[in-house]
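As numbered in this note's numbering, residues 60 to 276 make up the sequence shown, in order.
Beneath this line is the structure, given in structure tokens, with notes to follow.
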Amino acid sequence: MQDSFTYAPPTGPLEVLHRDADLLVLNKPSGLLSVPGKAAEHADCLETRAKAAFPEALLVHRLDMDTSGVMVFAMNKAAQRHLGLQFERRHTMKTYEALVWGQPEDHGEVDLPLIVDWPNRPLQMVDHERGKKAHTKWEVTARKATHARVRLMPTTGRSHQLRVHMLAIGHVILGDRFYAKGDALTASSRLCLHALSLEIFHPTGGARVAFHAPCSF
Numbered sequence: 060m061q062d063s064f065t066y067a068p069p070t071g072p073l074e075v076l077h078r079d080a081d082l083l084v085l086n087k088p089s090g091l092l093s094v095p096g097k098a099a100e101h102a103d104c105l106e107t108r109a110k111a112a113f114p115e116a117l118l119v120h121r122l123d124m125d126t127s128g129v130m131v132f133a134m135n136k137a138a139q140r141h142l143g144l145q146f147e148r149r150h151t152m153k154t155y156e157a158l159v160w161g162q163p164e165d166h167g168e169v170d171l172p173l174i175v176d177w178p179n180r181p182l183q184m185v186d187h188e189r190g191k192k193a194h195t196k197w198e199v200t201a202r203k204a205t206h207a208r209v210r211l212m213p214t215t216g217r218s219h220q221l222r223v224h225m226l227a228i229g230h231v232i233l234g235d236r237f238y239a240k241g242d243a244l245t246a247s248s249r250l251c252l253h254a255l256s257l258e259i260f261h262p263t264g265g266a267r268v269a270f271h272a273p274c275s276f
């Protein structure tokens, strides 16, 4: 599956959600890397595009290539340190929207530790002995015949956390080329996972601010 993948990122202008002296908030499209990959053909990414338009932009965090939505950059070193500590200490509040296969309960939470599935990297897996703590809350906001729309609120930020946690409860995210199979995979041409909102403390003054990007699926 991964072997046949060809990187063909979407084109188009940057979608700027907010900009000030400390922050640059962008709406990352699905299919675009957050940072450059190791191969030369994987150089195009949101970080590169952001720096082309705003040379002072500095990376703070990442989203999976297939995930769309809110991603914040710092506009100076002090803001980068401030924001980095917020992510490290879990002082941010992240909300995602997803379409998941089947019909989960109205709400719940998943508390399953995760570790890289080394022979099949970048895939992750649940490992109760060696895994790092990972916790996700969810709630259903709408239902269709074959799938449900859910809000996902992770309190940790592990790689592929939301994808593996939904898989673990039997409701894989639609269009997930790593974890979905059959009808759940072909139900969407993209991963139906979107970083809907991000709430942080502003590096200057400390006010709580929230940024939103409308969901396109």
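Yeah, the Cβ is synthetic: ideal placement off N, Cα and C, and Gly gets one too.
Could you give the DSSP three-state label for residue i: helix, strand or coil?
| i | result |
| --- | --- |
| V94 | coil |
| M60 | Because the pLDDT at M60 is just 41, under 50, the model does not fix this residue reliably, and the value given afterwards should be weighed accordingly. In this structure, M60 counts as coil in the three-state DSSP scheme. |
| F146 | helix |
| T126 | coil |
| L173 | strand |
| N179 | helix |
| H101 | helix |
| G167 | strand |
| T200 | strand |
| R140 | helix |
| V73 | It should be noted that the sequence gives Leu, not Val, for residue 73. Reduced to three states, the DSSP call for L73 is coil. |
| V119 | coil |
| L244 | helix |
| V46 | Past the edges of the chain, shown from 60 to 276, lies residue 46, and the structure says nothing about it. |
| T65 | coil |
| M225 | helix |
Do residue i and residue j have their CB atoms nearer than 9 Å?
| i | j | result |
| --- | --- | --- |
| V209 | V223 | no |
| G81 | L250 | Residue identity check: residue 81 is Asp in the sequence provided, not Gly. No, the Cβ-Cβ distance between D81 and L250 is not below 9 Å. |
| M225 | W197 | yes |
| L117 | K136 | yes |
| L252 | S127 | yes |
| V159 | V231 | yes |
| V131 | F270 | yes |
| F234 | S248 | For the sequence presented, residue 234 should be read as Gly rather than Phe. Going by C-beta atoms, G234 is nearer than 9 Å to S248. |
In the DSSP output, what is residue i paired with across the bridge?
| i | result |
| --- | --- |
| P213 | T195 |
| T154 | S256 |
| H271 | S256 |
Given 8 Å as the limit, is there contact between the segment 232 to 243 and the segment 184 to 201, that is, 3 or more CB pairs closer than that? no
Is it true that the segment 148 to 162 meets the segment 89 to 97, where meeting means three or more beta-carbon pairs spaced less than 8 Å apart? no
Sufficient close CB pairs (3 or more, under 8 Å) joining the segment 138 to 145 to the segment 168 to 184: no
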